[in-house]
Every structure is written in structure tokens, then in C-alpha cells.
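Undergrad: For reference, the structure I am asking about is given below.
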Amino acid sequence: MASSNVLALVVLMCHQPAPQHLHHHLLLLLLLLLPPPPPTSSPPVASPPSPTTVSSPPPASSIPPSSISKPPSNAPGPSPNDAVLNRVTVGGSLLAGLFAAVLVI
Numbered sequence: 001m002a003s004s005n006v007l008a009l010v011v012l013m014c015h016q017p018a019p020q021h022l023h024h025h026l027l028l029l030l031l032l033l034l035p036p037p038p039p040t041s042s043p044p045v046a047s048p049p050s051p052t053t054v055s056s057p058p059p060a061s062s063i064p065p066s067s068i069s070k071p072p073s074n075a076p077g078p079s080p081n082d083a084v085l086n087r088v089t090v091g092g093s094l095l096a097g098l099f100a101a102v103l104v105i
């Protein structure tokens with residue numbers, strides 16, 4: 001979501017009248033802020049030989065399966081401030097990058 005906001009901001013700024021070199025700095029900033037593309041598919045790797053199966057009785061478990069699948073009741077939930085901190089961090093990074101681009105001009 002943050003990269004789409006950055007892209008929209010850079011596109012809007014590129015449509016404003018500005019010196020041509022500023023456009024290049026903004027595009028460079030955009031390239032630095034966007035995540036890298038996903039890696040290309042690698043050639044298939046030969047799978048290791050399958051292990052031999054041994055017929056043995058399954059181990060007796062002292063914990064019933066129904067209690068394992070239940071979530072813990074005292075687990076902490078997500079922090080409500082995480083989204084705000086992420087937006088502040090992205091905004092601060094964007095402002096620092098724009099400030100650096102203006103200084104280079």
C-alpha cells in the first residue's frame with residue numbers, strides 16, 4: 001500500500017511544471033523506494049530420494065488433538081498503533097528522500 005502511495009505522489013509531482021532534472025531525481029527516488037521485483041523462476045532441482053517407510057505404531061500422545069488446535073486465550077493481539085507508525089515511517093522516509101533530491105538540485 002505504501003509503494004502505491006509513493007507511486008501516486010511521484011506521478012502527480014512529475015505532471016507539475018518543474019525542471020527536467022527534478023523529474024529524473026523523483027524517478028530515481030521512486031526506484032529506490034519500490035520493493036524489488038519477485039525473483040525469476042529457478043531451474044527445477046532434483047528431489048532427494050524418498051526415505052523408506054517403517055511400519056510402526058504411532059506414538060501415544062498425552063495431549064488430546066482438540067486442545068492443540070485451540071488458540072491461547074492470553075495471546076497478545078496486534079497493536080492498534082502499528083498502522084499509524086508504518087504510515088509515519090513511510091511519510092518520513094519520503095520526506096527525507098524529497099529533501100535529499102531538492103538538495104542535489
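Here the sequence shown is numbered in the UniProt record's numbering, starting from 1 and rising by one per residue. Don't be surprised by glycine CBs; every beta carbon is placed ideally from N, CA and C.
Leaving out five residues before and five after Pro36 in sequence, what residues of the same chain have Cβ atoms less than 6 Å from its Cβ?
TA: If we look at Pro36 and ignore the five residues flanking it on each side, it has no Cβ neighbours.
Undergrad: Does the Cβ-Cβ distance between Gly97 and Leu32 come in under 9 Å?
TA: Yes.
Undergrad: Under a three-way DSSP split, which group does Leu34 fall into?
TA: Three-state result, Leu34: coil.
Undergrad: Could you check the C-alpha separation between Leu95 and Ser41 for me, to the nearest Å?
TA: Computed Cα separation, rounded: 36 Å.
Undergrad: Could you give the first and the last residue of the continuous alpha helix (DSSP H) run that contains Thr89?
TA: Per DSSP, Thr89 belongs to the alpha helix (DSSP H) from 82-104.
Undergrad: Within 10 angstroms of the Cβ of Met1, are there 16 or more other Cβ atoms? Answer buried if so, exposed if not.
TA: Because Met1 sits at a pLDDT of 48, beneath the cut-off of 50, its placement in the model cannot be relied upon, and the following sentence gives the value as read from the coordinates. Under this definition Met1 is an exposed residue.
Undergrad: For Leu85, count neighbouring Cβ atoms within 10 angstroms of its own Cβ and tell me buried if that reaches 16, exposed if not.
TA: Label assigned to Leu85: exposed.
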